[in-house]
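Accompanying notes for the structure given below.
Residue numbers (our numbering): 51 to 789.
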C-alpha cells in the first residue's frame, strides 16, 4: 500500500532522522570511550595549580593527613589505574575497595606515570583513592585515569536502544499522521511534548556552584542533582541489585547497607526497582539506571493520567489540559527533581488516577473498573506506604458516602467493589505476607518516627508564598466554584464533590489553621502524624483527587466560554509559575552527582528497619570478632553479601564468633557436616554463633535464606498480576482510549 506524504512531512521526517543519526554517532563514540575514565582532580582539592595539577605539599597545613576520592563505582572486574606524577621522594598511593581488596601504587622519586592493577569482586563495585600527606617534600599529581579491557559501563548501548525505540515510535505516527482526525493529531503532538518537557531537566547539566556557569543540554552524559532522597533511593536500587547477586528472590535483606552488615529492605516496597536492577546487572551505571527510572516514571504518569481522564470523558482536549496540570503540579516536580524521589513519592502519581477511574467505572457498574482500581491500589502498595494509608482513608470515606448506591440495585456495585478488593489482595499477597511477617516479628522503626509534625505546618503567609501550597490555595477555590455553578444530581458530581471536600480538608490539615494542638496528643492521632512525618505528603493524593474531581464535574456540562477561558488562563499561569520555580530550583540548588563513575554514596543508610535493640547511631563494624581471641585459631574467613564462611580451631568451650551481619529472622548457620547451629543476637544486633571447643578443626557457614513459602507466595502474586493484565488487555483493549 502506497503512502502519500506532503513535502513538509517528508522534511520533518528527514530532519528528525538526521538528528537521530547524529545522536547515534555521538552515543556510539561514547561507547567506544567507555573503557577509559579520567578523574577530575578538582574533586580531590578545591584549589589546583594553574596547569590543573594537584599539589600535595608537606609544608602546607591540611585539615586531614590525606586526600581521598569519593567512592567510584565500576562493574566487577580488573582495572588498570595510571597516575601521572612528579615526586621529590618515593611515595605510595593506596587504592582501597569496600571489601578490603587494597593495592598500593609505588611512585618512585622523579616524574613519570605509575600504574597498578586493581580488581573489584562481588559483593562490592566501589573503591576509592587515598593520597597521604608526605612527611617531607611534595608530590604533584597531573592526571589519574582508569582503564578496562572491556566496557566500564554499558550506558551507551542502552542509550542506542532507547534512541532506536524513539525513532520507531516517531516514524510509526509520522507515516500515519494524515489518517488521524484533528483531536488525534493534537493528542500525538501534545503527549510527546509533555513527556519531553518533563524529562528535559534530567538531561541538562545544571549550573555548578561556580559563578557564570549555565545549564547545558547534554543527553549523552548529563549530571544529576543530589536531592534530599537521592542517596536513599540509589541505595534501594543497589539493595535489589546486591540482593539478587546474593541469591535472594524476592530480595529481603539489602547486603550493601550499613557497612555491608545488611539491613531488612523488603518493608520499603521495591517491586518496581527490579527492571532497573536487571539493567544494572547488565552493566549499566548506577546513575543511568536511576535517571531512566525517573524518566519512565514521568512517562507513565502522563500516560496513566491521560488514560484515566479518557475513561471518564470523550473530550480529548479537556483530558490533555488536565493531564498537563497534573504532571506539572509543583509538588510532583519537586518530588522528581529536587528530592530525587521518583521511585518513592513519585510512583503513586502514576497509580492514583487509575484508582479514581476505577472507582468511577465501578459506580457506573462497569467491570473494567474492577481491574483499574485493583491495578491502581496494587501500584501504590508496591511503591509508597504513607500514600497507601491516605488512599485507604479516602476509600473508607467513599464507602460511607456511597453506601446507598453500593447496597442498591441487587448490590452490583458492591459485588464489583469486593471483586476489585480480592483481585488486589491476590496480586499483592506476596508483598503483604512477607511485610506482615517481618513487621510483626519485631523491627526497630524509630528512624521513621518524626515528632516534628507541627514544625512543618504553614500559616496563611506561608501558604501564599510556598509554590506547592499556592497551587492548592488557588486550585481548591476553582474546584469549589465549578462545583457550585455546575451542580447536578449525578454519580459523577457526588464523587467529584467528595474528592474536593476530602482534598480541602487535607489541605486545611497542612496548615496552622487546623487545631492540631488540641488533638495531636491523642495516641492514635500522634502515631499517624509521627509516621506521616510531614504534612506535605498529603499533596500527593490531593493532586489526583482535585484534577479528577474537576473532570467529573464538567464531564457532561457545557461551560460558559468565559468561565472556561478564565479557568484555562489560571491553570496556565499556575503551570508556568510552578514549572519555572521548580526547574529553576533543580538547576541551581544542591550538590551534584558527578557522572557514571563517581558519586557521593555511603553504605550506612537507610536504617529504616533495624533489629530490635539496634540503634541507627551504632557502629556497624564490617569485621568479624571473637569473644576469646587467645583460645581460637582462625584458619579461614570470607564474607560475601549475607554469606559468611569461617574455619577455626577452638581450644575452649563457651567461645563465640560474631559476624558482620545484622540478626534478622531467616539467617541459617550450619557446620561442616551440614548440621544446623544455634544463632542468637550479639553485640549491636550482630549474628552470634557458639564455637565447638574440642581442639578440632570445624567450619561455620552462615547465610540468609528466603523462606520457600515466601518465594512461592510472591511468585503466585506475580503470576496473578500477569494473568489479570492479560485478561484486561484482551477484554478491554478495543474500548480503551487511544494514547
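Glycine included, each C-beta is placed from N, C-alpha and C at the ideal position. None of the values given here were measured: they were computed from a predicted structure.
Does residue 505 come out as helix, strand or coil in the three-state DSSP assignment? The residue labelled residue 505 in the question sits at position 455 within the chain shown. Helix at residue 505.
Over the uninterrupted alpha helix (DSSP H) stretch that includes residue 549, give me the two end residues. Translated into positions along the chain shown, residue 549 becomes position 499. It spans 541-559 - the alpha helix (DSSP H) in which residue 549 sits, taken as one unbroken run.
When you compare the CB of residue 713 with every CB in chain C, is at least one pair closer than 7 Å? No chain C is part of this structure, which consists of one protein chain only.
Three-state secondary structure assigned by DSSP to residue 594: For the purposes of this step, residue 594 is identified with residue 544 of the chain shown, where counting begins at 1. Residue 594 falls in the helix class under three-state DSSP.
Do residue 705 and residue 682 count as a contact pair if the criterion is CB distance below 7 Å? Locating residue 682 in the chain shown gives position 632, counting from the first residue. Locating residue 705 in the chain shown gives position 655, counting from the first residue. Yes, Cβ-Cβ distance for residue 682 and residue 705 is below 7 Å.
Using CA atoms only, rank isn't needed, just tell me which of 252, 307, 234, 315 is closest to residue 301. Here residue 301 is taken as the residue at index 251 of the chain shown, counted from 1. Among 252, 307, 234, 315, the Cα nearest to that of residue 301 belongs to 315.
What are the boundary residues of the alpha helix (DSSP H) that residue 237 is part of? Residue numbering aside, residue 237 sits at position 187 when the chain shown is read from its first letter. Counting along the chain, the alpha helix (DSSP H) containing residue 237 begins and ends at 232-249.
Exposure label - residue 348; buried when at least 16 CB within 10 Å: Counted from its first residue, the chain shown places residue 348 at position 298. With 16 or more Cβ atoms within 10 Å of its Cβ, residue 348 is classed as buried.
Length of the line joining the Cα atoms of residue 523 and residue 514: Here residue 523 is taken as the residue at index 473 of the chain shown, counted from 1. Here residue 514 is taken as the residue at index 464 of the chain shown, counted from 1. So the two alpha carbons sit approximately 7 Å from each other.
Roughly how many angstroms lie between the CA atoms of residue 604 and residue 367, to the nearest whole one? Start at 1 with the first residue of the chain shown, and residue 604 comes out as number 554. Start at 1 with the first residue of the chain shown, and residue 367 comes out as number 317. Between residue 604 and residue 367, the C-alpha separation is close to 13 Å.
For the candidate residues 537, 63, 299, whose alpha-carbon lies nearest to that of residue 222? Counting from one through the chain shown, the residue named residue 222 turns up at place 172. Ranking 537, 63, 299 by Cα distance to residue 222 puts 63 first.
Inter-residue spacing [alpha-carbon to alpha-carbon] between residue 486 and residue 664: The residue given as residue 486 occupies position 436 in the chain shown. The residue given as residue 664 occupies position 614 in the chain shown. Residue 486 and residue 664: Cα-Cα distance of roughly 20 Å.
Just to confirm the assignment: which complete beta strand (DSSP E) runs, minimum length 3, are found wholly within the segment 642-717? 682-690, 693-700, 706-712
Sufficient close CB pairs (3 or more, under 8 Å) joining the segment 281-298 to the segment 462-472: no
Do residue 499 and residue 571 have their beta-carbon atoms positioned less than 7 Å apart in this structure? Here residue 571 is taken as the residue at index 521 of the chain shown, counted from 1. Here residue 499 is taken as the residue at index 449 of the chain shown, counted from 1. Not a contact, by the Cβ cut-off of 7 Å.
What did DSSP end up calling residue 334 once you bin it into helix, strand or coil? Locating residue 334 in the chain shown gives position 284, where the first residue counts as 1. Of the three classes helix, strand and coil, the one that applies to residue 334 here is coil, per DSSP.
Using DSSP with H/G/I as helix, E/B as strand and the rest coil, what is residue 218? In the chain shown, counting from the first residue as 1, residue 218 sits at position 168. Note: residue 218 maps to helix in three-state DSSP.
When you compare the CB positions of residue 425 and residue 441, do they come within less than 7 Å of one another, or not? Counting from one through the chain shown, the residue named residue 425 turns up at place 375. Counting from one through the chain shown, the residue named residue 441 turns up at place 391. No, these two residues do not count as a Cβ contact at 7 Å.
Whole angstroms are fine: how far does the CA of residue 371 sit from the CA of residue 68? What you label residue 68 is simply residue 18 of the chain shown in a count that begins at 1. What you label residue 371 is simply residue 321 of the chain shown in a count that begins at 1. When rounded, the distance between both Cα atoms is 32 Å.
Please return the same chain residues whose Cβ sits closer than 7 Å to the Cβ of residue 99, not counting the five positions on each side in sequence. Position 49 of the chain shown holds residue 99. Result list for residue 99: 105, in chain order.
Considering only DSSP beta bridges, list what residue 209 is partnered with. In the chain shown, the residue the question calls residue 209 occupies position 159. Looking at the DSSP assignment, residue 209 forms no beta bridge with any residue, so it has no partner.
Quick one: Cα of residue 260 to Cα of residue 638, how far? In the chain shown, residue 260 corresponds to position 210, counting from 1. In the chain shown, residue 638 corresponds to position 588, counting from 1. In this prediction, residue 260 has a pLDDT of 46, which is less than 50 and means its spatial position is unreliable; what the coordinates show is noted afterwards. Spanning the two alpha carbons is a distance of roughly 11 Å.
I'd like to check one pair, residue 446 with residue 666: are the Cβ atoms closer than 7 Å? In the chain shown, counting from the first residue as 1, residue 666 sits at position 616. In the chain shown, counting from the first residue as 1, residue 446 sits at position 396. No, these two residues do not count as a Cβ contact at 7 Å.
Can you give me the start and stop residues for the beta strand (DSSP E) that residue 81 sits inside? By 1-based counting over the chain shown, the position of residue 81 is 31. Per DSSP, residue 81 belongs to no beta strand (DSSP E); it is in the alpha helix (DSSP H), 57-82.
Considering only C-alpha positions, which residue in the set 592, 743, 280, 455 is nearest to residue 643? Translated into the one-based positions of the chain shown, residue 643 becomes position 593. Nearest option by C-alpha distance: 280.
Hey, how far is the Cα of residue 557 from the Cα of residue 91? In the chain shown, counting from the first residue as 1, residue 557 sits at position 507. In the chain shown, counting from the first residue as 1, residue 91 sits at position 41. The straight-line gap from Cα to Cα measures roughly 48 Å.
Rounded to the nearest angstrom, how far is the Cβ of residue 602 from that of residue 526, given a contact under 8 Å? Your numbering for residue 602 matches position 552 in the chain shown. Your numbering for residue 526 matches position 476 in the chain shown. Not a contact, Cβ separation roughly 15 Å.
Residue 607 versus residue 306: straight-line alpha-carbon distance, rounded: Translated into the one-based positions of the chain shown, residue 607 becomes position 557. Translated into the one-based positions of the chain shown, residue 306 becomes position 256. When rounded, the distance between both Cα atoms is 56 Å.
Rounded Cβ spacing between residue 488 and residue 715 (contact assumed at less than 8 Å): Stepping through the chain shown from its first residue, residue 488 is reached at position 438. Stepping through the chain shown from its first residue, residue 715 is reached at position 665. 7 Å between Cβ atoms; contact.
Residue 591 to residue 490, Cα distance in whole Å? Within the chain shown, residue 591 is the residue found at index 541, counting from 1. Within the chain shown, residue 490 is the residue found at index 440, counting from 1. If you take the alpha carbons of residue 591 and residue 490, they lie about 28 Å apart.
Outcome for residue 140 when other beta-carbon atoms lying within 10 angstroms are tallied against a minimum of 16: Translated into positions along the chain shown, residue 140 becomes position 90. With fewer than 16 Cβ atoms within 10 Å of its Cβ, residue 140 is classed as exposed.
Which same chain residues end up closer than 6 Å to residue 791 when comparing Cβ atoms and leaving out the 5 residues on each side of it in sequence? The chain is shown only over 51 to 789; residue 791 falls outside these bounds and no answer can be derived.
Residue 738, DSSP secondary structure in three states: Along the chain shown, read from residue 1 onward, the residue named residue 738 stands at position 688. Strand at residue 738.
Just the C-alpha distance for residue 479 and residue 767, rounded to the nearest angstrom, thanks. By one-based count along the chain shown, residue 479 stands at place 429. By one-based count along the chain shown, residue 767 stands at place 717. Distance between the alpha carbons of residue 479 and residue 767 is about 6 Å.
Distance, Cα to Cα, residue 196 vs residue 84? Here residue 196 corresponds to residue number 146 of the chain shown, with the count starting at 1. Here residue 84 corresponds to residue number 34 of the chain shown, with the count starting at 1. Cα-Cα distance, rounded: 10 Å.
Hey, how far is the Cα of residue 238 from the Cα of residue 343? Position 188 of the chain shown, counted from the first residue, corresponds to residue 238. Position 293 of the chain shown, counted from the first residue, corresponds to residue 343. In a straight line, the C-alpha of residue 238 is about 23 Å away from that of residue 343.
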